[in-house]
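Quick note: the sequence shown uses UniProt numbering, first residue 1, plus one each step.
Virtual Cβ for every residue (Gly too), placed ideally from N, Cα, C.
All values reported here derive from a predicted model rather than from experimental measurement.
So the structure is just underneath, and the comments pick up after that.
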Amino acid sequence: MKKRIFILICISSFLLTGCWDSTELNDVSIVTGIAIDPGKEKRYRLTVGYVNASILSPQIPFEGAPVSVMTLEGNSLPEISARMNIGVSRKLVFSHTRALYINEEVAKNDGVGSFLDSLERNPQFRNDFNILITKGDSAEKFPTINDPVERVPSLKVQKQIKSILKNWGGDPRVRLTDFIDAIVSQGRSPIASSVTIEGNPEKGKNVESNMETKAPARILLAGIAVFEKDKLAGYLSLEDTRNYLWTQKLESTMVTIPCGKHGEELKEKLYFDLAIMNNKSTIKTFYKGDQPHLKVDIYSEARLTSMQCNEDLSKKETYLDLEQKSSKYVKDMIVATIKKVQDEFGLDIFGFGEALHRQNYQKAKEVEEKWDEEFARADVDVNVHVAIRRSGIRNKSFLSEVPANKED
């Protein structure tokens, strides 16, 4: 019996072949950025930015350019990526892609649906890369812009986006599945982040530029790109992007608010700053007769971070006044952005149509084929309440003690 068990164990050991399909790091190149431009001879021009796997390890010294690029033309992404090894010696691994740069001409004229379909089908691509529309320059330049701090450009862009999202709220956090869901949705239009290059991209791709105090080129976030289905319709600025995020999931931001009302010349030049710590928003869509109404309710908690106004923060009335000014200021910004989207695009990027589906399904089915038209003519009602919870480690600003600033 023991011999039989021993023989079975020995036979079984031959079936346990270990990592038979493993690939050594020295045999692969990791793709961190992909750029799509219109082709000159074929439909697309695909550029991949890839790194030697060893550069990602801080223990292994590495000299030379941190990123190499390869560019090919073809009529589809699978076709082009399958031919990449005509110029690349190592196997390209796409599972660590951090940025997909799409030329605005491709997004505007061809649309992005065809190649997003291939990315969604490919098991190598994870749902954590950033979809970025490039403004002004060809997309192939973006994976090559070096940074003196971050060795890999696309990893730098990813960290940059995370940072602005945490500190200011300038990125909508759209991933592949989010974008595709919005394309097929009857109640929300797709959006994506947009980027631009400041400076000279030709100098920015040289490794020697990392030795300069001021980088000759930088990748800047430029707001959001608005889509009609899978085609680019236009852009919103960074300010409008944050106003959009107030209605969605804004983690935190900083708001600078004038001390006085319009017409009070001195107080218009003085400001106080609030750091938004918590933000909750709800959107509702309903009809009064045949007129659609869009309602947004926002509740935010904030702390005072700067005070130029000559106000006494030891008084409760002062906080109430600052909260009222803050609430109105934020409300006016959000209303302006919603109306801008209504007038310039007529596309519901906020998800009011989806809210109507949840809240009044029967009415939503009646208007879903013409919802963008309904959104464009809808009345807008925004309610904002900003609650100031803390004022730092002092109340009254020392600036109020300066003789020239004292009120008579």
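Closest by C-alpha distance to I30, out of L8, T285, V69, is V69. Note that the segment 81 to 99 touches the segment 122 to 136; at least 3 beta-carbon pairs, one per stretch, sit closer than 8 Å.
In terms of Cα proximity to E344, the closest of K315, K365, E354, R377 is R377. Looking from the CA of S76, the closest CA among P66, G113, D381, K108 belongs to G113. Here F115 is buried, its C-beta having at least 16 other C-beta atoms within 10 Å.
Only buried fits K156, as 16 or more other CB atoms lie within 10 angstroms of its CB.
Here the alpha carbon of F227 sits roughly 28 Å from the alpha carbon of A217. In the assembly as shown, Y361 is an exposed residue. Its beta-carbon has fewer than 16 other beta-carbons within 10 Å. Per DSSP, the beta bridge partners of T282 are D297. Spatial neighbours of V93 in its own chain (CB-CB distance under 6 Å, excluding positions within 5 residues in sequence) are listed in chain order as V28, I30. Sixteen is the threshold: when 16 or more other Cβ atoms of the shown chains lie within 10 Å of the Cβ of D240, as they do, the residue is buried. Between the beta-carbon of G170 and that of L250 there is about 10 Å, and that puts the pair past the 8 Å contact cut. For the pair A107 and M307, the Cα-to-Cα distance works out to about 44 Å. For N103, the enclosing beta strand (DSSP E) begins and ends at 99 to 103. Contact annotation: V335 and V384 have beta-carbon atoms that are not nearer than 7 Å. Shown here, T241 sits in a helix according to DSSP, grouped into three states.
Taking the Cβ atoms as the reference, E301 lies roughly 5 Å from A387, within the contact range of under 8 Å. Within the same chain, G111 come within 6 Å of K231 by CB-CB distance, once the 5 residues on both sides are set aside. C-alpha of Q186 to C-alpha of A355: approximately 11 Å in a straight line. Taking a 10 Å sphere around the C-beta of A215, we find 16 or more other C-beta atoms and assign the residue as buried.
Collapsing the DSSP output to three states places A192 in a strand.
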